[in-house]
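Enquirer: Note that the working numbering numbers the sequence shown so that position 181 is 182, with each residue one more than the last. Ideal placement from N, C-alpha and C gives every residue a C-beta, glycine not left out. All values derive from a computational prediction rather than experimental measurement.
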Amino acid sequence: MSAGPAGTTSRASAGAPPVHQRTLREEPGAATQRRPRHVPGPPGPKYIRKVVNMRSRIPWLIVSALAAGLIAVACAGDDGAAGPAGATGPTGAAGAAGAAGADGADGGFAASAGAKHFYVTGVEWKGTTSSDKLAPPSVDPSGLSDGYGFNPEGFDSGNALNWRVASYVWTPGSMVAYEGDKIDLTFFIINGNEHTTWVEAPDGSDATGEVEMNRGREYEMSFTATEAGTYRLICNNHEPSMTAYIQVLPL
Ligand SMILES: [Cu+2]
Numbered sequence: 002m003s004a005g006p007a008g009t010t011s012r013a014s015a016g017a018p019p020v021h022q023r024t025l026r027e028e029p030g031a032a033t034q035r036r037p038r039h040v041p042g043p044p045g046p047k048y049i050r051k052v053v054n055m056r057s058r059i060p061w062l063i064v065s066a067l068a069a070g071l072i073a074v075a076c077a078g079d080d081g082a083a084g085p086a087g088a089t090g091p092t093g094a095a096g097a098a099g100a101a102g103a104d105g106a107d108g109g110f111a112a113s114a115g116a117k118h119f120y121v122t123g124v125e126w127k128g129t130t131s132s133d134k135l136a137p138p139s140v141d142p143s144g145l146s147d148g149y150g151f152n153p154e155g156f157d158s159g160n161a162l163n164w165r166v167a168s169y170v171w172t173p174g175s176m177v178a179y180e181g182d183k184i185d186l187t188f189f190i191i192n193g194n195e196h197t198t199w200v201e202a203p204d205g206s207d208a209t210g211e212v213e214m215n216r217g218r219e220y221e222m223s224f225t226a227t228e229a230g231t232y233r234l235i236c237n238n239h240e241p242s243m244t245a246y247i248q249v250l251p252l
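#1: Could you spell out where the beta strand (DSSP E) holding N163 opens and where it closes?
#2: When you measure from the CB of N152 to every non-hydrogen atom of ligand 1, does any distance come out below 7 Å?
#3: As an exercise, report each continuous beta strand (DSSP E) stretch of at least 3 residues that is fully enclosed by the stretch 140-213, in chain order.
#4: Between P173 and the rest of its own chain, which residues show a CB-CB distance below 6 Å, the 5 nearest in sequence each way excluded?
#5: Check each candidate in T244, S139, V170, K117 and name the one with the smallest Cα separation from A178.
#6: Over what stretch of residues does the beta strand (DSSP E) that includes A116 continue unbroken?
#7: Hey, is H118 close to ligand 1, as in C-beta under 7 Å from one of its heavy atoms?
#8: Beta strand (DSSP E) containing E221: first to last residue?
#9: Roughly how many whole angstroms lie between the Cα atoms of N268 and K127?
#10: Considering only heavy atoms of ligand 1, does any lie closer than 7 Å to the CB of V222?
#11: How would you label S153, buried or exposed, when you count the other beta carbons within 10 angstroms and need 16 or more for buried?
#12: Counting along the chain, where does the beta strand (DSSP E) carrying N112 start and finish?
#13: For T129, count the other beta carbons within 10 Å of its own beta carbon; 16 or more makes it buried, fewer makes it exposed. Which is it?
#14: Would you call the stretch 175-193 and the stretch 243-251 in contact, with 3 or more CB pairs under 8 Å?
#15: Looking at C-beta atoms only, is the number of pairs between the stretch 200-220 and the stretch 137-150 that lie closer than 8 Å three or more?
#16: Using C-beta distances below 6 Å, list every residue in its chain close to T225, excluding the 5 sequence neighbours before and after it, in chain order.
#17: Can you say whether I190 is buried or exposed, counting buried as having 16 or more other CB atoms within 10 angstroms of its CB?
#18: Is the beta carbon of E240 less than 8 Å from the beta carbon of E180?
#19: For N192, which residues in the same chain have their Cβ closer than 6 Å to its Cβ, ignoring the five residues on either side in sequence?
#20: Take the Cβ of Y120 as the centre, count every other Cβ of all protein chains shown within 10 Å, and call the residue buried at 16 or more, exposed below.
#21: Going by the C-beta, is Y169 closer than 7 Å to any heavy atom of ligand 1?
#22: So is the beta-carbon of N238 under 7 Å away from any non-hydrogen atom of ligand 1?
This is the structure in structure tokens:
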């Protein structure tokens, strides 16, 4: 590498690290504050089943079928080269037929009913701005859903122009299970003093009874997803927007 401009030394010749070389900044004792890296244990039977079904089986069948097809093409018999005058070369052997894909007809994979445990938290999102930046909405959001909140200008003694909106939600808002799964729900309420909650089955019937949930408490609910479709987790106080969905897939 050539030398740098007069008065400077090229980094390479000086042995200095490249500009973007990352250095680890360690403070004394910092290492002890780091969260240890998660070391996964051996996969359980259920995990293995899913991996075999979802990751291994279908891709490998596709790869196998493609490979067999390529071999078939590669091995397909070309007519032998013409032999010496008066002779004809042998005909190449026919290539093997490609293997049929198993269990791939419907694009699905084997599944079976089991148990699912979801942790669900009740929270309230809030957002504030001021009317010199954005005019308040012309329609009061609190009239659109019992889960929406709206504080017009004047609610904030620190800034008379501030206005605020809010929305109660479940998080996660969408969950997935299989038909026949026993579903256990553990709730924790962060915001809102009262949420009267139940689960509605796809046919509109009640999958659970009502539970009044209060801030700072944990609650349990269980039911069996006997039918495929969408189960709705509904808060009666904040309908319709404070709803979560459990999509139950058919076996
Ligand atoms: Cu609620």
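Expert: Reading off the structure:
#1: Element bounds for N163: 163-172.
#2: No; taking the cut-off as 7 Å, the Cβ of N152 has no heavy atom of ligand 1 nearer than that.
#3: Runs of the beta strand (DSSP E) spanning 3 or more residues and lying entirely within the stretch 140-213 occur at 149-152, 163-172, 175-179, 183-190, 196-201, in chain order.
#4: Close CB contacts of P173 within its chain, under the 6 Å cut and outside five residues either way in sequence, are absent.
#5: Comparing Cα-Cα distances from A178 to each of T244, S139, V170, K117, the minimum goes to K117.
#6: Where A116 is concerned, the enclosing beta strand (DSSP E) stretches over 116-131.
#7: Flag unset: Cβ of H118 not near ligand 1.
#8: Element bounds for E221: 219-225.
#9: Summary: the structure shown does not reach residue 268, with the chain confined to residues 2 through 252, and so no result is reported for it.
#10: For the record, residue 222 in the displayed sequence is Met; it is not Val. Not so, every heavy atom of ligand 1 lies at least 7 Å from the Cβ.
#11: The question names Ser, yet the displayed sequence has Pro at residue 153. The residue is exposed, with fewer than 16 neighbouring Cβ atoms inside 10 Å.
#12: Checking the displayed sequence, the identity of residue 112 turns out to be Ala instead of Asn. Unbroken run through A112: none, as it is neither H nor E.
#13: T129 is exposed by the Cβ-count criterion.
#14: Between the stretch 175-193 and the stretch 243-251 there are three or more C-beta pairs closer than 8 Å, enough to call the two in contact.
#15: No: the two stretches stay apart, fewer than three of their Cβ pairs being nearer than 8 Å.
#16: Excluding its 5 nearest sequence neighbours in each direction, T225 has C-beta neighbours in its own chain below 6 Å: K183, listed in chain order.
#17: Around the beta carbon of I190, a 10 Å sphere encloses 16 or more other beta carbons of the protein chains shown; the residue is thus reported as buried.
#18: Between E240 and E180, the C-beta gap is not smaller than 8 Å, which leaves the two residues out of contact.
#19: These residues qualify, in order along the chain: V124, E125.
#20: Under a 10 Å Cβ-count criterion, Y120 is classified as exposed, with fewer than 16 other Cβ atoms of the shown protein chains found around its own Cβ.
#21: Y169: yes, Cβ under 7 Å from ligand 1.
#22: Under cutoff, so the answer is yes.
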